[in-house]
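In terms of my numbering, the first sequence is residues 18 to 457. Beta carbons: idealized from backbone N, C-alpha and C, even for Gly. All values derive from a computational prediction rather than experimental measurement. One structure below.
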Amino acid sequence: MRLSRYFLPTLRETPREAEIVSHRLMLRAGMVRQQSAGIFSWLPLGLRVLNKINAIIREEQNRAGAAEILMPTIQSAELWRESGRYEAYGKEMLRIRDRHERDMLFGPTNEEMVTDIFRTYVRSYKDLPLNLYHIQWKFRDEIRPRFGTMRSREFLMKDAYSFDIDKDSARHAYNRMFVAYLRTFARMGLQAIPMQADTGPIGGDLSHEFIILASTGESEVFCDKAYLGFETPAENTDFEDRAGLQATVDAWTARYAATSEKHDEAAFAAIPDADKLSARGIEVGHIFYFGTKYSDPMKAVVTGPDGKEHPVHMGSYGIGPSRLVPAIIEASHDEAGVIWPDAIAPFHVALLNLKPGDSATDAACEKLYAELGAAGYDVLYDDREERPGAKFANADLIGLPWQVIVGPKSLADGKVEMKRRATGERELVALDDCLARLKA
RNA sequence: CGGGGCGUAGCGCAGCCUGGUAGCGCAUCUGCUUUGGGAGCAGAGGGUCGCAGGUUCAAAUCCUGCCGCCCCGACCA
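Written out as structure tokens, the structure reads:
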């Protein structure tokens, strides 16, 4: 993409409303525009990141055996009356009415709807297990939205719903998502720690919040430092291996980790001081098992091997992509701007032509732009008539992993400069070696 | 919803107290000079001063009501 033809409205100054660093940088890097309290437009650069995040989520959900669907944002109140949540949900739910005066709502979550889909089609235990997920916009009319897309009213959520014949199978479904989540966050360059979470009225131990540590996080968290060195489950993990998955989950839940709501001072005190970690964190995922809470009232039942009807055991599993964007920025930035992890960077390379109009730098940039693009790299080519300083500052701000700097000085020796955004390291490489260096 | 703050050019702000021609910086446009870390000079464009009433000869400024946004708290992916 040529920057001269792109839409990247970066800001030199920070808009007043932005308090935390990720919000400031998302506005300055031209990623989002707030349209109303807690409601945002996603501009090209921000949308690219969001889509990268979604792509990773999809790959890992699919790998773990979930099937993608897409349910609507607008739902009928009918289903919610069936589950009893239409009355229970309160003001957080945006209630609307259509022209026929029917009660509708903008979905804050989809348990009812997915349960309705399930009960329509699935009758036999032989069709289980089943896990359906979608990535869709949700709306929760938060009392106070804040921190940009970190806590917005309209937000994107990946929500998966599992259906199983009994609790044991449901635990396996839970473990599949648990492991998928560990892989998902690790691929985004995040160290996510599963922490004990509130299970609400359902109870039990099957609920975890996935937390990443960040000084500006909203939650106070306490855990064993050992988690920071844990190994991510492998790509070839066998998700049908019940015992194997259980062992992985057991290992990841053996040590202490809890948010302030579930914090147990005594248990925390038992950890050696050197291993205690008390910090702030951002919740990026939440999984839980809720049994027959919806299948009972909504009559989602299957016939079991015994010939009798059984309400299905369900769980739901959420990840907030539109929250992950700022979460990743909170975890990865410096004074100058964002530092995107390679896997979710909106482009791989910023190609800076320091002297557009100079036949040598123009030719070198065109060659690199074509060559890197052909090799599968997304290149943002800064071909604007701007001074070098402005290009450097802009490139650092938007935080692409690599900067390939083409200026007359180094080009006189047939070289270009390659700068790694994360470390600031620069090296001069021959024009023809640029691609090889990227691959290395 | 309680407490606090703010709405003046795309962004950041001054002006308001003490009513009298709407300003500054950045950005934008034109020209010239510059060209390896957000250039210099000269010129130009851009405003329902959040909205609606009121007071006054006269309101960005004073009064009343409303709307929007931000921050702190209780609540949430």
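Residue i, buried or exposed, once every other Cβ within 10 Å from all chains shown has been counted against 16
i      : result
Phe409 : buried
Phe24  : exposed
Asp176 : buried
Lys461 : No information on residue 461 is available, as it lies outside the stretch 18 to 457 that the chain covers here.
Thr7   : Nothing about residue 7 can be reported from this structure: the residues present for the chain run from 18 to 457 only.
Ile160 : exposed
Ser339 : buried
Asp115 : exposed
Asn253 : exposed
Thr137 : exposed
Asp255 : exposed
Leu173 : buried
His4   : Given a span of 18 to 457 for the chain in the structure shown, any question on residue 4 remains unanswerable.
Arg193 : buried
Tyr28  : Sequence check: residue 28 is Leu here, not Tyr. Flag for Leu28 reads exposed.
Trp357 : buried
Ser179 : buried
Lys316 : exposed
Asp313 : exposed
Pro289 : exposed
Ser169 : buried
First through last residue of the alpha helix (DSSP H) which encompasses residue i
i      : result
Arg340 : Pro338 to Ala348
Glu456 : Reading the sequence as shown, one finds Lys at residue 456 and not Glu. Residues Cys451 to Lys456.
Leu20  : First-last for Leu20: undefined, no H or E at that position.
Arg33  : Per DSSP, Arg33 belongs to no alpha helix (DSSP H) and is neither H nor E.
Per-residue DSSP class, three states only, for residue i
i      : result
Ser328 : For the record, residue 328 in the displayed sequence is Pro; it is not Ser. Pro328 falls in the strand class under three-state DSSP.
Ala84  : strand
Lys108 : helix
Leu28  : coil
Arg161 : coil
Met2   : One cannot answer for residue 2 here, as it falls past the ends of the chain, which runs 18 to 457.
Ser58  : strand
Lys316 : coil
Asp351 : strand
Gly431 : coil
Lys436 : strand
Ile299 : strand
Ile356 : coil
Ile471 : In the structure as shown, the chain begins at 18 and stops at 457. Residue 471 is therefore absent and cannot be evaluated.
Gly63  : helix
Ile304 : strand
Cutoff 8 Å; reference residue i; Cβ partners in own chain excluding five residues on either side
i      : result
Cys451 : Leu385, Glu388, Leu389, Val421, Val433 and Met435
Ile91  : Ile113, Met121, Leu122, Phe123 and Gly124
Gln52  : Ser58
Gly354 : Leu42, Arg45, Ala46, Asp413, Leu414, Ile415 and Gly416
Gly79  : Reading the sequence as shown, one finds Asn at residue 79 and not Gly. Taken in chain order, the residues that qualify are Glu85.
Asp215 : Ser224, Glu278 and Lys279
Arg401 : Leu20, Ser21, Pro373 and Lys408
Ala344 : Ser39, Met167, Leu207, Ile229, Ala231, Ile299 and Val301
Same chain, Cβ closer than 6 Å to residue i, neighbours up to 5 away in sequence not counted
i      : result
His458 : In the structure as shown, the chain begins at 18 and stops at 457. Residue 458 is therefore absent and cannot be evaluated.
Ile86  : Leu149 and His151
Ala35  : Arg41 and Leu44
Val423 : Asn370, Thr378, Ala381, Cys382 and Val433
Lys184 : His330
Glu347 : Ser39, Ala231 and Thr233
Tyr334 : Ala177, Met194 and Ile304
Ser141 : Val319 and Thr320
Val266 : Asn192 and Phe195
Gly63  : Met48 and Val49
Glu444 : Met435
Ala54  : Pro162
Close beta carbons around residue i, own chain, < 7 Å, minus the five adjacent residues each side
i      : result
Glu77  : Ala197, Arg200 and Thr201
Ala94  : Tyr103, Asp120, Met121 and Leu122
Val446 : Lys432, Val433, Met435 and Arg454
Ala284 : Tyr273
Asp359 : Pro418
Arg204 : Ile73 and Ala360
Ser295 : Phe239
N-terminal and C-terminal residue of the beta strand (DSSP E) that residue i is part of
i      : result
Glu444 : Arg443 to Ala447
Ile91  : Ile91 to Ser93
Leu369 : Val366 to Asn370
Completely contained alpha helix (DSSP H) runs for the stretch 383-429, where each covers 4 or more residues: 405-415 and 425-428
Whole beta strand (DSSP E) runs in the stretch 164-210 with 3 or more residues, listed along the chain? 171-181
Can you check the stretch 220-291 for any beta strand (DSSP E) of at least 3 residues that lies completely inside it and give the ranges in chain order? 224-230, 236-241 and 274-276
What residue ranges within the stretch 97-158 form continuous beta strand (DSSP E) runs of no fewer than 3 residues, ordered along the chain? 111-114, 120-123 and 147-156
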